[in-house]
C-alpha cells in the first residue's frame, strides 16, 4: 500500500512540472501547439453557440477576461460613438466666427467656439482610429449681410477642416498621430500669422460666385466632410479651420465669411485596435 501511494505522488509531481506539446516533441511553453495552419477550435466561441460571433466571412476579437477566460468581444468593445453633437459651434456672427477674404493659397484660420466651452471634449482610453464626420454652416458677403451681397462674379473657394487640441479648446494643438507621423503629411497654419500649426483633416470645400444684381444667396451654405486619423490615449477637443480665398482681391471690398452660424453637426467614432 505504501509503495502504491509513493508511485502516485511521484507521478503527480511529474505531471505538475511537465510541459505539454501538441504536434511538437520539444514544447517551449506549458502548452505548446505546433503547426503552420489554424489548429485550435473552441466550440463555445462558434457562431452556433455564441451570439457575439459575427458569422460567416467576418471575424470577432477574442479577449481574456479578469479570470483569464477567453471570451468573444462585442461590437461595443472596439467601436464606440464617443462624440455626437447636432449643434457644435456657437451660433454667432462675430469675430470668433469670422474669416476674412485672402489671396489665393494664404492658408487656414481657426474659427468658431464650441457651445460647451472648455467642457467640450472626448476621451480615448486606448489607441484608436478616429473617424470624423461634420457638416458646418457659413454665410458670405461684404460684411456678410443681405444688404451687401457680392456681385463681382469672381469665383471664391470656401474650405473647411478639422484639427484637435489636447484637453479643452484652449490647449495645445495636435500635430502628429499615434505613431509620431505628421497628420495629413504636414502641419498647416491655423492662424493668419502662422503663430500656430496643427494637423488638419477632413478638408473639403466648394466655389461661390454671383453676378445677378446682388440678388444671389448669401447664407445657409454648408460644407460636409469625413476623414480618419490614428490618435493615442488622451483628452481631445475637435476644432474647425476655414479659409475664404480668391485669386483677385482688388476692388472687392471687405468680403467676409462667418462659420458656424447655424446648426453644425459633428460626430466622432473611435475604432479601438489594441
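In our numbering, the protein residues as written are 577 to 850. Glycine included, every Cβ here is placed at the ideal spot set by N, Cα and C.
- Cβ neighbours of residue 597 within its own chain (closer than 6 Å, five residues either side excluded): 603, 608.
- The three-state secondary structure of residue 758, taken from DSSP, is strand.
- Contact between the segment 694 to 704 and the segment 789 to 802 is absent: fewer than three C-beta pairs spanning the two stretches fall below 8 Å.
- Take the alpha-carbon of residue 776 and the one of residue 831: they are about 25 Å apart.
- Only residues of its own chain outside the window of five on either side were considered, and among them 647, 649 have a CB closer than 6 Å to the CB of residue 639, listed in chain order.
- Beta-bridge partners assigned by DSSP to residue 790: none are found.
- By the neighbour-count criterion, in which 16 or more other beta carbons inside 10 Å mark a residue as buried, residue 599 falls on the exposed side.
- Residue environment analysis places residue 771 among the exposed positions, since fewer than 16 neighbouring C-beta atoms fall within 10 angstroms of its C-beta.
- Classified as exposed, residue 693 has fewer than 16 neighbouring CB atoms from the shown chains inside 10 Å of its CB.
- Under the three-state reduction of DSSP, residue 610 is assigned to coil, being neither helix nor strand.
- If you ignore the 5 residues before and after residue 738, its C-beta comes within less than 6 Å of the C-beta of 708, 777, 778, 814, all in its own chain and listed in chain order.
- Distances from the CA of residue 662 to each of 754, 710, 762 were compared; the closest alpha carbon is that of 710.
- The segment 735 to 752 makes contact with the segment 805 to 821: 3 or more CB pairs, one atom from each, lie closer than 8 Å.
- In the three-state reduction of the DSSP assignment, residue 781 falls in the strand class.
- For the pair residue 849 and residue 654, the Cα-to-Cα distance works out to about 7 Å.
- Put simply, the backbone Cα of residue 716 is about 15 Å away from that of residue 688.
- Nearest C-alpha to residue 781 among 731, 667, 773: 731.
- Shown here, residue 671 sits in a helix according to DSSP, grouped into three states.
- Annotation: residue 637 is outside any beta strand (DSSP E) and is labelled neither H nor E by DSSP.
- Here residue 750 is not bridged, per DSSP, to any residue.
- Judged by DSSP in its simplified three-state form, residue 621 adopts helix.
- CA-CA distance, residue 822 to residue 843, rounds to 30 Å.
- Unbroken beta strand (DSSP E) runs of no fewer than 3 residues, entirely contained in the segment 687 to 715, are found at 698 to 700, following chain order.
- Of 657, 799, 718, the smallest CA-CA separation from residue 727 is found for 718.
- Among the bridge pairs identified by DSSP, residue 816 is matched with 687, 738.
- Note on geometry: alpha-carbon atoms of residue 837 and residue 747 lie some 24 Å from one another.
- Between residue 834 and residue 623, the CB-CB gap reaches or exceeds 7 Å.
- Relative to residue 818, the option among 637, 677, 812 whose CA is nearest is 677.
- Considering only 610, 611, 629, the residue with the shortest C-alpha distance to residue 619 is 629.
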